[in-house]
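Chains P and F are the protein sequences, given in the same order.
Heads up: the first sequence begins at 71 in the working numbering, then just goes up one per residue.
Heads up: the second sequence begins at 71 in the working numbering, then just goes up one per residue.
2 protein chains.
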Amino acid sequence: MRKVILFITSSIDGYIARENGDVDWLFTDQDYGYKDFTETIDTVLMGGATYRQVLGFGGEWPYQTKNSYVFTHDASLRSNEEVTFIHHDVPEFVKGLKEKEGKNIWLIGGSQINTVLLNEDLIDEIQLFIHPVILGEGIPLFTGSSIETWFTINGIEEFDTGLMKLVYQKK
Amino acid sequence: MRKVILFITSSIDGYIARENGDVDWLFTDQDYGYKDFTETIDTVLMGGATYRQVLGFGGEWPYQTKNSYVFTHDASLRSNEEVTFIHHDVPEFVKGLKEKEGKNIWLIGGSQINTVLLNEDLIDEIQLFIHPVILGEGIPLFTGSSIETWFTINGIEEFDTGLMKLVYQKK
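1. Starting from Q182/P, follow the alpha helix (DSSP H) in both directions and report where the run begins and ends.
2. Less than 8 Å between the CB atoms is what I'm expecting for I200/P and T120/P, so what's the real figure, rounded?
3. Should A87/F go down as buried or exposed, given a rule of 16 or more other Cβ atoms within 10 Å for buried?
4. Do the CB positions of D83/P and L205/P come within less than 8 Å of each other?
5. If distances are taken between C-alpha atoms only, which option among K73/P, V74/P, R72/P and T79/P comes closest to L233/P?
6. From the beta carbon of G128/P, is the nearest beta carbon of chain F less than 8 Å away?
7. On the CB-based measure, 16 or more other CB atoms within 10 Å of its CB, does I217/F come out buried or exposed?
8. Skipping 5 residues on each side, what residues in its chain have a beta carbon closer than 7 Å to that of Q134/F?
9. Give the residues of chain F in contact with Y83/P, contact being defined as C-beta atoms less than 7 Å apart.
10. Reducing DSSP to helix, strand and coil, say where G128/F ends up.
11. Taking only three categories from DSSP, how would you classify G214/F?
12. Can you list, in chain order, the residues of its chain whose CB lies under 6 Å from that of Q123/F, leaving out five sequence neighbours each side?
13. Any idea what DSSP makes of T120/P, helix, strand or coil?
14. Using CA atoms only, rank isn't needed, just tell me which of G208/F, G214/F and I209/F is closest to E207/P.
15. What residue from D159/F, K168/F and I209/F has the CA that sits closest to H143/F's CA?
16. Do V114/P and S138/P have their beta-carbon atoms positioned less than 8 Å apart in this structure?
17. I need the straight-line Cα distance from K241/P to L167/F, nearest angstrom please.
18. The alpha helix (DSSP H) that contains Y104/F, what's its start and end?
19. Give me the DSSP bridge partner(s) of E89/P.
20. Alpha carbon to alpha carbon, how far is E109/P from V237/F?
21. Tell me which residues share the same chain as F97/F and place their Cβ nearer than 7 Å to its Cβ, disregarding the 5 neighbours each side in the sequence.
22. Kindly list the residues whose CB is nearer than 8 Å to the CB of E89/P, restricted to its own chain and excluding five residues on each side of it in sequence; keep chain order.
23. Residues in the same chain with beta-carbon distance under 7 Å from T185/P, minus the five sequence neighbours each way, listed in chain order, please.
24. Return the CA-CA distance between I111/F and G117/P, expressed in angstroms with no decimal places.
25. Between T219/F and chain P, is any beta-carbon pair separated by less than 8 Å?
26. Is DSSP giving F229/F helix, strand or coil here?
27. Identify the contact partners of L205/P in chain F, using a Cβ-Cβ distance below 8 Å as the criterion.
28. Measure from the C-beta of Y238/F to each C-beta in chain P and report whether the shortest distance is under 8 Å.
Here it is in structure tokens:
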């Protein structure tokens, strides 16, 4: 069955963005395996806050060649050719997606949807890119309502900039 | 000059203990380099909450052969043959310690003293033992008042249980 992969960056202290959502601290000097990864997936999932952040970057929708699903309580958002909005029954929807044929599914974030899918045991793999920085505050990987969940490690990669990639798989 | 080393465990999501201080989720099946590490240090530093937790484990003071310093606002605590309590001027005290001859200094934690010393640029190295678990909530590595601080990576070690040791050094 296709996997849901949380492919995400964090600081040493576990933050995925500053409090205001800024990710200006992320390394952009190399590809860090991004292009290869995007060729293994055909679908992206994200929450409403992450969606608004992606829109805020301006320009074209960056996932044009993928099936894009955005989970949001904002019922005023209408699906279009680029994005399908899902307003309820999120775990059931993702279970359904996993049963369809296709490449893997990229869970982009953020904290809220990560936690919903973690708690439903729907995250199969985490590819975590730890940047060598203590941010001190910010948006955490998962929210405080996460259920304790154990993984096995399935690969590490060290980059010359000090970025560490850790790959965790569901036990 | 001797180094201050934060040798500490965390979850994938950056917690060093559960909300109530519990560390029942830590692996205890192997030594994970603990004994070798303790031979490189002759001094331990910790905050008041960590001190109370160590006392709560019962038994003898576990750092009998080390110089133990506890930073606490509780002026009722009187130094004894096992522990010296430091009630003020913590950064100056640690700077003074570093200038003395001796082995390295183990900063045990927790969040508060980690942050005080990070913000004074007094943490020379972090040896972080990431357990393969999402806890979801708990006591963070550093508190929200930490100053953004960058490190370089200086070693990784992977254990068969999925525990990852990352060694970071001050830039």
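For every residue, glycine included, the Cβ atom is placed at its ideal position computed from N, Cα and C.
Source: prediction; values computed, not measured.
Let me lay it out:
1. Translated into positions along the first sequence, residue 182/P becomes position 112. That run of the alpha helix (DSSP H) goes S181 to N189.
2. As a first step, residue 200/P is located in the first sequence; it is residue number 130 there, counting from the start. As a first step, residue 120/P is located in the first sequence; it is residue number 50 there, counting from the start. Between T120/P and I200/P the Cβ distance is about 19 Å, and since that is not below 8 Å, they are no contact.
3. Working through the second sequence from its first residue, we reach residue 87/F at position 17. Result: buried.
4. Taking the first residue of the first sequence as position 1, residue 83/P is located at position 13. Taking the first residue of the first sequence as position 1, residue 205/P is located at position 135. By the CB criterion at 8 Å, D83/P and L205/P fall inside the cutoff.
5. Translated into the one-based positions of the first sequence, residue 233/P becomes position 163. Nearest in C-alpha terms to L233/P, of all of K73/P, V74/P, R72/P and T79/P, is T79/P.
6. Translated into the one-based positions of the first sequence, residue 128/P becomes position 58. The beta-carbon of G128/P is placed no less than 8 Å from the nearest beta-carbon of chain F.
7. As a position in the second sequence, residue 217/F is number 147, starting the count at 1. It is exposed - the Cβ of I217/F has fewer than 16 other Cβ atoms within 10 Å.
8. Position 64 of the second sequence, counting from 1, holds the residue named residue 134/F. Excluding positions up to five away in sequence, the list reads E152.
9. In the first sequence, residue 83/P corresponds to position 13, counting from 1. It should be pointed out that residue 83/P corresponds to Asp in this sequence rather than to Tyr. G84, P210, L211 and F212, listed in chain order.
10. Translated into the one-based positions of the second sequence, residue 128/F becomes position 58. Here DSSP, grouped into helix, strand and coil, assigns G128/F to coil.
11. Translated into positions along the second sequence, residue 214/F becomes position 144. In this structure, G214/F counts as coil in the three-state DSSP scheme.
12. Sequence index remark: in the second sequence, residue 123/F carries index 53 (1-based). Non-local beta-carbon contacts of Q123/F in its own chain, meaning distances under 6 Å to residues more than five positions away in sequence, involve G91 in chain order.
13. Reading the first sequence from its first residue, position 50 is the one you call residue 120/P. In this structure, T120/P counts as helix in the three-state DSSP scheme.
14. On the first sequence, residue 207/P is found 137 positions in, with the first residue counted as 1. Nearest in C-alpha terms to E207/P, of all of G208/F, G214/F and I209/F, is G214/F.
15. Stepping through the second sequence from its first residue, residue 143/F is reached at position 73. Ranking D159/F, K168/F and I209/F by Cα distance to H143/F puts D159/F first.
16. On the first sequence, residue 138/P is found 68 positions in, with the first residue counted as 1. On the first sequence, residue 114/P is found 44 positions in, with the first residue counted as 1. The criterion of a C-beta distance shorter than 8 Å is satisfied by S138/P and V114/P.
17. As a first step, residue 241/P must be located in the first sequence, where it is residue number 171. As a first step, residue 167/F must be located in the second sequence, where it is residue number 97. A straight line joining the alpha-carbon of K241/P with that of L167/F spans about 45 Å.
18. As a working mapping, residue 104/F is identified with position 34 in the second sequence. Start and end: Y104 to T108.
19. Looking up residue 89/P in the first sequence gives position 19. Answer is none; E89/P lacks a bridge partner.
20. By 1-based counting over the first sequence, the position of residue 109/P is 39. By 1-based counting over the second sequence, the position of residue 237/F is 167. Taking C-alpha positions only, E109/P is separated from V237/F by approximately 32 Å.
21. Within the second sequence, residue 97/F is the residue found at index 27, counting from 1. Closer than 7 Å at the Cβ level, and outside the excluded window around F97/F, lie H201, T231 and L233.
22. Here residue 89/P refers to the residue found at position 19 when the first sequence is read from its first residue. The residues are E207, G208 and I209.
23. For the purposes of this step, residue 185/P is identified with residue 115 of the first sequence, where counting begins at 1. Excluding sequence neighbours, T185/P sits near F212, T213, S215 and S216.
24. Locating residue 111/F in the second sequence gives position 41, counting from the first residue. Locating residue 117/P in the first sequence gives position 47, counting from the first residue. Going from the Cα of I111/F to the Cα of G117/P covers about 46 Å.
25. Here residue 219/F is taken as the residue at index 149 of the second sequence, counted from 1. Closer than 8 Å to some Cβ of chain P, the Cβ of T219/F qualifies, so yes.
26. Working through the second sequence from its first residue, we reach residue 229/F at position 159. If DSSP states are grouped into helix, strand and coil, F229/F belongs with coil.
27. By one-based count along the first sequence, residue 205/P stands at place 135. Residues of chain F with a Cβ closer than 8 Å to the Cβ of L205/P are, in chain order, S216 and E218.
28. Position 168 of the second sequence, counting from 1, holds the residue named residue 238/F. With 8 Å as the cut-off, Y238/F counts as an interface residue toward chain P.
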